[in-house]
Amino acid sequence: MNQRREFFNVTLEEIEKVVKENFDKTVEFKKEPEAEQFRQSLKIKDTVLTY
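First residue of the sequence shown? That's 1 in the working numbering, and the numbers climb one at a time after it.
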């Protein structure tokens, strides 16, 4: 654990590159989260607003 609460400024692309270069090549990165419940909520909200 980082007790000093330091933060590192790296992009997700940089992390992905390092992981793919140094670890198992079968790792899959998803750029868009599933967020199924969130998307369902948006759909319901849109349905309610159209009535």
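A virtual CB, placed ideally from N, CA and C, is assigned to each residue, including glycine.
Keep in mind the model is a prediction, meaning the values are calculated, not measured.
Inter-residue Cα distance where the pair is Ile23 and Gln40: Note that residue 23 corresponds to Phe in the displayed sequence, not to Ile. Computed Cα separation, rounded: 35 Å.
Per DSSP, what kind of secondary structure is Asn22 in: helix, strand or coil? helix
Is the CB-CB distance between Phe29 and Glu14 below 9 Å? no
Confirm, please, whether the CB-CB distance from Val19 to Val10 is below 9 Å. In this structure, Val10 keeps its C-beta atom at 9 Å or more from the C-beta atom of Val19.
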